[in-house]
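Let me begin by presenting the structure, written as structure tokens, before commenting on it.
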Amino acid sequence: MTPDKANIGRLVAIMARLRDPERGCEWDVAQTWSTIAPYTIEEAYEVADAIARDDVGDLRDELGDLLLQVVFHSRIAEERGLFDLNDVVAAISDKMERRHPHIFADAADGGHHRWEDVKAAERAAKGATSAMDGVAAGLPALLRAEKLQKRAARLGFDWPNADGSRAKVVEEIEEVMAADSADAQEDEIGDLLFAVVNWARHLGVDPEAALRRGNAKFERRFRAIEITGGEGFSSLSLEAKEALWQAAKTETLPAL
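Encoded structure:
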């Protein structure tokens, strides 16, 4: 369905009114790109959460919140005479057509495999000098690690299979154990997490999705043992809590 231009125009007008220095909202007027950036990230995660919960109603609402962030950033730029929402839409439209020449330009040699080639050419045109250029520093750490590794792999700097990356994980665990200071431990734990991301990548596992799944599993089981343990849960011995945990893993929690 084609978006209703009146609806988009209404949202743009609402944001313009909110940002009006004389008649607008004090909070909205005070915001900058930097101050609303955390909200933009938060809204993106809330979209992902609605998808994970398969909540269509929430997804609609959260997509609206995310769209508002785009309009907000664009309005600030427009006020500074830099660009507006129309420019944003035109830029992404141009980019999508450029990155899909087999669809929009009748290119014989195309397909999704050319996506990274086109992106690399775009980075080079912007003055990139390294394969690492353009990997946003603000990405979640696991996701950024995976992207850095993929960039390096495209230049042949990668383990040939999962065995090498698994061995690296074992090596990094030993280096964590040998660390003799808090600073060294932090450094080695970072190397270990990076190695685990690499191993996951070789196994074809999305590390960010895997950790989200692990988080959800831990939360679900912990809530279960809290309920079973009742008000006295915190005073139970560690052994009793572990017994409840093992039962939660098999969904056979005993009644206390």
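Counting from 1388, one number per residue, gives the positions in the sequence shown under the numbering used here. For glycine and all other residues, C-beta sits at the position ideal for the given N, C-alpha and C.
8 Å Cβ shell around Lys1604 - same chain, five flanking residues per side excluded: none
Where Gln1418 falls: helix, strand or coil (DSSP): coil
Whole-angstrom distance between Phe1459 and Thr1516, CA atom to CA atom: 32 Å
Neighbourhood of Val1522 by C-beta distance below 7 Å, restricted to the same chain and skipping five residues each side: Arg1531, Lys1534, Leu1535 and Arg1538
Between the CA atoms of Lys1636 and Ala1528 - distance to the nearest angstrom: 29 Å
Own chain, CB closer than 7 Å to Cys1412, minus 5 neighbours either side, in chain order: Leu1405
Complete runs of the alpha helix (DSSP H) confined to the stretch 1482-1555 [at least 4 residues]: 1488-1491, 1502-1512 and 1528-1540
Euclidean distance between Cα positions of Ala1512 and Phe1491: 21 Å
Whole-angstrom distance between Glu1465 and Ile1428, CA atom to CA atom: 21 Å
Same chain, Cβ closer than 7 Å to Glu1595, neighbours up to 5 away in sequence not counted: Pro1527, Leu1529 and Leu1530
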